[in-house]
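Protein chains: 2
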Amino acid sequence: MSDEGEVILDQTGRVLGPRAQTTRQRLLDATTGLLDEKSLRDLRVADIARQVGTSPAAFYQYFKDVEDAVLCLAGQASNEMPSILEHLDGDWRGEAGLERARRIASAFIDHWDQHRAVLRIRNTASDEGDARFQAVRSEAMQPVLMGLAAQVKRNRGDKPATGEHPLAAAAGLAAILERLAAYRRELERFGVTRDDLVETSARIVHRTVTG
Amino acid sequence: MSDEGEVILDQTGRVLGPRAQTTRQRLLDATTGLLDEKSLRDLRVADIARQVGTSPAAFYQYFKDVEDAVLCLAGQASNEMPSILEHLDGDWRGEAGLERARRIASAFIDHWDQHRAVLRIRNTASDEGDARFQAVRSEAMQPVLMGLAAQVKRNRGDKPATGEHPLAAAAGLAAILERLAAYRRELERFGVTRDDLVETSARIVHRTVTG
DNA sequence: TACCTTCCTGACACTCCGTCAGATCCGGAG
DNA sequence: CTCCGGATCTGACGGAGTGTCAGGAAGGTA
Chain A
31 MSDEGEVILD
41 QTGRVLGPRA
51 QTTRQRLLDA
61 TTGLLDEKSL
71 RDLRVADIAR
81 QVGTSPAAFY
91 QYFKDVEDAV
101 LCLAGQASNE
111 MPSILEHLDG
121 DWRGEAGLER
131 ARRIASAFID
141 HWDQHRAVLR
151 IRNTASDEGD
161 ARFQAVRSEA
171 MQPVLMGLAA
181 QVKRNRGDKP
191 ATGEHPLAAA
201 AGLAAILERL
211 AAYRRELERF
221 GVTRDDLVET
231 SARIVHRTVT
241 G
Chain B
31 MSDEGEVILD
41 QTGRVLGPRA
51 QTTRQRLLDA
61 TTGLLDEKSL
71 RDLRVADIAR
81 QVGTSPAAFY
91 QYFKDVEDAV
101 LCLAGQASNE
111 MPSILEHLDG
121 DWRGEAGLER
131 ARRIASAFID
141 HWDQHRAVLR
151 IRNTASDEGD
161 ARFQAVRSEA
171 MQPVLMGLAA
181 QVKRNRGDKP
191 ATGEHPLAAA
201 AGLAAILERL
211 AAYRRELERF
221 GVTRDDLVET
231 SARIVHRTVT
241 G
């Protein structure tokens, strides 16, 4: 990622002045925009540069390659990981727990609606084994995963008799939350509304957490 | 896909003789092998050709591009979609239903263990919007999705009062099954065994289907 | 051997990548 | 206002990989 910390550097390690920061940000914005139209695979450095009205060479001043820029965007998006953790801790039993689950599901959907293209790439690149994207994704999801696993464990009174593994259950729940949020558009075409998604995933999560 | 029906054609539409079929198959095998080492993005036609001991130009005789070859493999893998549908129909209540769910989960894991690389690409390409991969994936998953949705609907006595949407629930369950199967390796490093995965996903599926 | 079909290849034009030396820009010192 | 020096950008290029084509090799048949 080319965006760690506060001081932003270019590819040779030098601090960026204000003019450069503007250019860099415009390159990032252009990348975001273009990703709504074409896949990462089809996204050319030349496209991004043209959109910004600069030369391809300028792009390489700030980013190693297109993936590097997207990685940066993915980092930003992941950092906006919504207030899910707040909802995690507390009592999961009964209607209050279900409401908790609804809030989490809803926050996930909002998160994905706002960063669909970039989050999709984050996950696919991560699935394909790219270590940098894996790191960004983990950083965002790990707390959710651990939080869910802890709640599963707690609310079952630690009885492993059910045969369910807390971490596996948490991973499964995370899968539902992500997938339904990611596929919102597609499911809508089959008559599944946003509320349906929230309610359905919330109930599965709630049932799984409380056993 | 370059593999529809029985008679196999080359890129110009001519029927393949026995020698050509062998070459084509070797190209496919080499592709499978290389996909275990590198990502689709890094897989060059030249690599595949060299592996087979032929020229890059030969590759283009049988496939439009690398994706086309992988698509063909994805189609083959998807067709081997295991005997999941057999387990879907029937009574889901009680221990028998849970056992049903275990069989499905187990079959999913086997399926993914056998075709991990190709199925991953099928899904990521499909996620990225590639219509051809979407078609292959749908063809494989649609029956599972519909079957699960039908069971959800049936076993709830059609009471929509629970607020869960059958199709959304089915999509969520499919997400769990796929993700846990796809991430088996990674989860194992955290001490989650195959049995844990089967039992956990089976129970979530069973609970969700029976309400 | 001569021939014909099937299959494969060398060679090429093209696209895009990533780098570098040098041009351009711009604010501040004089 | 003019000039200077660092900050920023660019044109031009070597390289890798793609996809195509005319023609060459391989193998069967008579």
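The listed protein sequences derive, respectively, from chains A and B. All letters in the first sequence, in the order written, are residues 31 to 241 by our numbering. All letters in the second sequence, in the order written, are residues 31 to 241 by our numbering. Every residue, glycine too, gets a C-beta built ideally from N, C-alpha and C.
Only counting the same chain, and skipping five residues up and downstream in sequence, which positions put a Cβ closer than 6 Å to that of residue i?
i: B:Arg132; result: Val228, Ala232
i: A:Val235; result: Ala131, Leu203
i: A:Ala155; result: Phe163
Can you name, in chain order, every residue of its own chain whose Cβ lies under 8 Å from the Cβ of residue i, other than the five neighbours on each side?
i: A:Ala201; result: Leu175
i: B:Trp142; result: Leu149, Glu208, Ala211, Ala212, Arg214
i: A:Ser49; result: Residue 49 of chain A is actually Arg in this sequence, not Ser. None.
i: A:Gly63; result: Gln81
i: A:Ala179; result: Pro196, Leu197, Ala199, Ala200
Among the options, which has the Cα closest to the Cα of residue i?
i: B:Leu58; options: B:Asn153, B:Arg184, B:Gly159, B:Asp77; result: B:Asp77
i: B:Ser136; options: B:Phe163, B:Asp157, B:Arg162, B:Ser113; result: B:Ser113
i: A:Gln55; options: A:Leu70, A:Phe93, A:Arg74; result: A:Phe93
i: B:Gly105; options: B:Thr238, B:Arg167, B:Lys183, B:Val222; result: B:Arg167
i: A:Asp40; options: A:Glu116, A:Gly83, A:Ala99; result: A:Ala99
i: A:Ile206; options: A:Phe138, A:Arg152, A:Thr240; result: A:Phe138
i: B:Val239; options: B:Gln172, B:Gln144, B:Lys68, B:Asp121; result: B:Asp121
i: A:Ala60; options: A:Thr84, A:Thr42, A:Gly47; result: A:Thr84
i: B:Gln51; options: B:Phe89, B:Val96, B:Asp72; result: B:Phe89
i: B:Asp66; options: B:Thr53, B:Gly124, B:Gln144; result: B:Gln144
i: A:Arg184; options: A:Arg123, A:Met171, A:Arg74, A:Thr223; result: A:Arg123
Kindly say whether residue i, judged by its beta-carbon, lies nearer than 8 Å to any beta-carbon of chain A.
i: B:Glu110; result: no
i: B:Glu229; result: yes
i: B:Ile78; result: no
i: B:Glu125; result: no
i: B:Thr192; result: yes
i: B:Thr154; result: yes
i: B:Glu169; result: no
i: B:Leu217; result: yes
i: B:Gly139; result: Going by the sequence as given, residue 139 of chain B is Ile instead of Gly. Not an interface residue.
i: B:Thr238; result: yes
i: B:Asp95; result: no
Name the one or two DSSP bridge partners that residue i has.
i: A:Val182; result: None, per the DSSP bridge assignment.
i: A:Val45; result: A:Leu39
Looking only at its chain, what residues have a beta carbon closer than 7 Å to the beta carbon of residue i, apart from the 5 residues adjacent to it on each side?
i: A:Val37; result: Val45
i: B:Val75; result: Pro86, Phe89, Val96
i: A:Ala165; result: none
i: A:Leu103; result: Leu58, Thr61, Thr62, Val148
From the beta carbon of residue i, is the nearest beta carbon of chain B less than 8 Å away?
i: A:Phe163; result: no
i: A:Phe220; result: yes
i: A:Leu197; result: yes
i: A:Thr61; result: no
i: A:Glu67; result: no
i: A:Arg209; result: yes
i: A:Ala180; result: no
i: A:Ala131; result: no
i: A:Ile242; result: Summary: the structure shown does not reach residue 242 of chain A, with chain A confined to residues 31 through 241, and so no result is reported for it.
i: A:Tyr213; result: yes
Rounded to the nearest angstrom, how far is the Cβ of residue i from that of residue j, given a contact under 8 Å?
i: B:Glu194; j: B:Ser108; result: Rounded, the Cβ-Cβ distance is 28 Å, inconsistent with contact.
i: B:Asp140; j: A:Ala198; result: No, B:Asp140 and A:Ala198 are not in contact; Cβ-Cβ is about 17 Å, not under 8 Å.
i: A:Gly241; j: A:Arg186; result: 5 Å
i: B:Leu217; j: B:Gly177; result: So it is not a contact: roughly 26 Å between Cβ atoms.
i: A:Val96; j: A:Leu115; result: That pair is no contact at about 32 Å.
i: A:Arg237; j: B:Arg237; result: 6 Å
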